[in-house]
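**Q** Following this message is one structure expressed as structure tokens.
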Amino acid sequence: DQQVKQNSPSLSVQEGRISILNCDYTNSMFDYFLWYKKYPAEGPTFLISISSIKDKNEDGRFTVFLNKSAKHLSLHIVPSQPGDSAVYFCAASDYGGSQGNLIFGKGTKLSVKP
Amino acid sequence: EAQVTQNPRYLITVTGKKLTVTCSQNMNHEYMSWYRQDPGLGLRQIYYSMNVEVTDKGDVPEGYKVSRKEKRNFPLILESPSPNQTSLYFCASGLVGGEQYFGPGTRLTVT
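Chains A and B supply the protein sequences, listed in that same order.
When we follow our numbering, the leftmost residue of the first sequence carries the number 6, and every step to the right adds one.
When we follow our numbering, the leftmost residue of the second sequence carries the number -8, and every step to the right adds one.
The structure is reproduced here in structure tokens:
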């Protein structure tokens, strides 16, 4: 049973517009959430994270929102650029717990069109 | 430069021929992990290690072995590779439960 779900396998957005990538989780013990970006033929790279004590974290064009009651998080990219075209993975962990593993979603492929 | 290195980057082998994919990190991380990426399945964890001499199974450990004799190295061993292990493999290191830093990947083909 998937604990971290990214229900949209792909997303296409026009350059300059907002990209919104969504992620849902089922484990209420998760307290730390991350987004990774992956280009073809490269390893995933860390993008942004958020702790469960916050509901928003911002880093430049990237903002992550966390809705704990809905067990939902989203990544907003504003404005979107062609170089943002990549696969985005959502991940979660119980950072304060004993396991500490990152559980990844299946990814969403973002295409930003010029 | 802080990094995770994997070798080889590409490997084509035959069924049953034992192979090892090496992974090394220079960031003094206690946590290391192996993942495989397959189309439509995302990143699935194979094995992980919280510290030296401590390893544990991830979601898809069948057919794989690992060892953690030193902090910096975490090799992935396929004793008898099969075609269903054809995949893209990533090693990662990082903080327990926190950010992980990934290697460049190893594309393995088993014929």
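Every residue gets a Cβ at the ideal spot worked out from N, C-alpha and C, and that includes glycine.
Predicted model only: the values in this text are computed from it and were never measured.
Could you name the residues of the stretch 24 to 56 of chain A whose beta carbon sits closer than 9 Å to any beta carbon of chain B, in the order they occur along the chain?
**A** So the list reads Asp36, Tyr37, Leu39, Tyr41, Lys43, Ala46, Glu47, Gly48, Pro49, Thr50, Phe51, Ser54, given in the order they occur along the chain.
**Q** Going by beta-carbon coordinates alone, are Tyr26/B and Gln36/B separated by less than 7 Å?
**A** Yes. Within cutoff.
**Q** Hey, how far is the Cα of Lys62/B from the Cα of Gln(-3)/B?
**A** Their Cα atoms are separated by approximately 15 Å.
**Q** Alpha carbon to alpha carbon, what distance is there between Lys118/A and Ser71/B?
**A** Approximately 44 Å, taken between the alpha carbons.
**Q** In terms of alpha-carbon separation, which member of Arg98/B, Thr100/B, Gly88/B lies closest to Phe38/A?
**A** When each option's Cα is compared against that of Phe38/A, the closest is Gly88/B.
**Q** Classify Asn62/A as helix, strand or coil using the three-state DSSP reduction.
**A** Residue state, collapsed to three classes: strand.
**Q** What is the rounded straight-line gap between the Cα of Glu20/A and the Cα of Gly54/B?
**A** Those two C-alpha atoms are separated by around 44 Å.
**Q** Buried or exposed: which applies to Lys43/A, given that a residue is buried once 16 or more other Cβ atoms fall within 10 Å of its Cβ?
**A** The residue is buried, with at least 16 neighbouring Cβ atoms inside 10 Å.
**Q** Could you list which residues in chain A have their beta carbon closer than 8 Å to that of Leu32/B, in chain order?
**A** Result: Lys111.
**Q** Do you know offhand how far Ser72/A's Cα is from Ser54/A's?
**A** First, the residue type needs correcting, since residue 72/A is Asn and not Ser in the sequence shown. About 14 Å.
**Q** Gly85/B by DSSP, collapsed to three states: which one?
**A** Reduced to three states, the DSSP call for Gly85/B is strand.
**Q** Should the stretch 16 to 32 of chain A be regarded as contacting the stretch 69 to 86 of chain A, the criterion being three or more beta carbon pairs within less than 8 Å?
**A** Counting Cβ pairs under 8 Å, three or more are found: they touch.
**Q** Taking Leu86/B as the reference, give the member of Asp50/B, Pro74/B, Asn42/B with the closest Cα.
**A** Taking only the C-alpha atoms, the option nearest Leu86/B is Asn42/B.
**Q** Please confirm whether Pro66/B has its beta-carbon closer than 7 Å to some beta-carbon of chain A.
**A** It does not; no Cβ of chain A falls within 7 Å.
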